[in-house]
Amino acid sequence: MDLHLSYNSIARNILFANTPDGATPLYHIYTPQGFTSQTTTISRISPLVAHDLSNKFLTGKKSDIKEWSGYPGGVEVFARIHWTRVGSIRIEYEGRSMEADNFIPRSGFLWRNRSFTAPDGLLYTWTDSKELTVKKNGLTGVAARYRDAAFLSNRMPRLEIMPGGMHMVDVIVLTWLFVETVSRGGNRDSSSFIHDSASLHDGRFGYPTGDIANTVSIGTGDGTDGGGGGGDAGGSSGGGGGGY
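Sequential numbering of the sequence shown, starting at 0, is according to numbering that gives the first Met the number 0.
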């Protein structure tokens, strides 16, 4: 499943998949404007409201992305990232709140990577915020990849969820958002880089024209559509992911 970003921004965005019903919004990301400590909310978009035009999920105007509570329903927050200029960043997920460095600690050469133990008990590692890998039975598999925008081909960035990651898409979206935000901020753990500014290379290039280390255990998330295999159609995080 490919989750396309509506904008090349991570402060506010709608992640959507191409399905038989067209571009289907699945995830809502919102960070308020301001220059103090901020909280990014990550929400699932219910299929019951995904194609409701009054919600303006995919209008092409980032200003139409509202705080989750501004919608009449169907936008369910499942995680929050509390950015701060002083002290530690905190992540809320599955009813728990912990420091980001405990939730998804640094790992690898020069501490450039971030690792976490997923609901399946396996250790997953984001490498430079671009590839999520897992070791299983002595082999290394890829659970997700992040593709940057391609300016020349008018292609928006996307998060590719492999079959081996379909059982934990919520966790993948949350951890990717954290590592990519830190990466875009020059690896500075502060809130100053999450504003929509030139440093985020913000802008909209149009929808795709093709088919549309100490670690802690992270709990599983409930999907919006149920399980699914590869391709763009299917659920966002429910059961039934493939193996390697």
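Backbone N, C-alpha and C fix where the C-beta goes; we use that ideal spot for every residue, glycine too.
By DSSP, does residue i sit in helix, in strand, or in coil?
| i | result |
| --- | --- |
| Ile171 | helix |
| Thr180 | helix |
| Leu131 | strand |
| Ser216 | Confidence at Ser216 is low in this model, with a pLDDT of 45, below 50, so the placement of that residue should be treated as unreliable; the coordinate-derived value is given next. If DSSP states are grouped into helix, strand and coil, Ser216 belongs with the strands. |
| Ser8 | coil |
| Leu109 | helix |
| Ser62 | helix |
| Gly69 | helix |
| Gly164 | helix |
| Gly185 | Because Gly185 carries a pLDDT of 37, less than 50, the predicted location of this residue cannot be relied on, and the following value inherits that uncertainty. In this structure, Gly185 counts as coil in the three-state DSSP scheme. |
| Ser93 | In the sequence under discussion, the amino acid at residue 93 is Glu, which differs from the Ser named in the question. Of the three classes helix, strand and coil, the one that applies to Glu93 here is coil, per DSSP. |
| Leu21 | Residue identity differs from the one stated: residue 21 is Gly in this sequence, not Leu. If DSSP states are grouped into helix, strand and coil, Gly21 belongs with the strands. |
| Ser87 | coil |
| Ser198 | With a pLDDT of only 30 at Ser198, under 50, the local geometry of the prediction cannot be trusted, and no value is derived from it. |
| Ala16 | strand |
What are the boundary residues of the beta strand (DSSP E) that includes residue i?
| i | result |
| --- | --- |
| Asp1 | 1-4 |
| Ala78 | 74-82 |
| Phe56 | Where Phe56 is concerned, there is no enclosing beta strand (DSSP E), given that its DSSP letter is neither H nor E. |
| Asn101 | Careful: Asn101 lies outside any beta strand (DSSP E), inside the alpha helix (DSSP H) at 99-102. |
| Leu158 | 157-160 |
| Val141 | 138-146 |
| Leu122 | 122-126 |
Taking C-beta to C-beta, are residue i and residue j nearer than 8 Å?
| i | j | result |
| --- | --- | --- |
| Arg11 | Thr30 | yes |
| Met167 | Pro118 | yes |
| Val76 | Thr40 | yes |
| Ala143 | Asn7 | no |
| Pro19 | Leu57 | no |
| Phe176 | Ile13 | What sits at residue 176 in the sequence shown is Leu, not Phe. Cβ atoms of Leu176 and Ile13: not closer than 8 Å. |
| Asp1 | Ala16 | yes |
| Ser128 | Glu91 | no |
| Thr132 | Thr124 | yes |
| Arg146 | Glu159 | yes |
| Thr74 | His27 | Position check: residue 74 holds Val in this sequence, whereas Thr was assumed. Yes; because the gap between Cβ atoms is below 8 Å, this pair is in contact. |
| Gly72 | Val48 | yes |
Is there a Cβ of chain B sitting closer than 8 Å to that of residue i, yes or no?
| i | result |
| --- | --- |
| Thr38 | In summary, chain B is missing from the structure at hand, where a single protein chain is found. |
Beta strand (DSSP E) runs wholly inside the region 23-50, at least 3 long, in chain order: 37-44
Mind the definition here: the region 56-63 touches the region 77-84 only if three or more C-beta pairs lie below 8 Å; say whether that holds. no
Between the region 86-103 and the region 47-57, can you find at least three pairs of beta-carbon atoms closer than 8 Å? no
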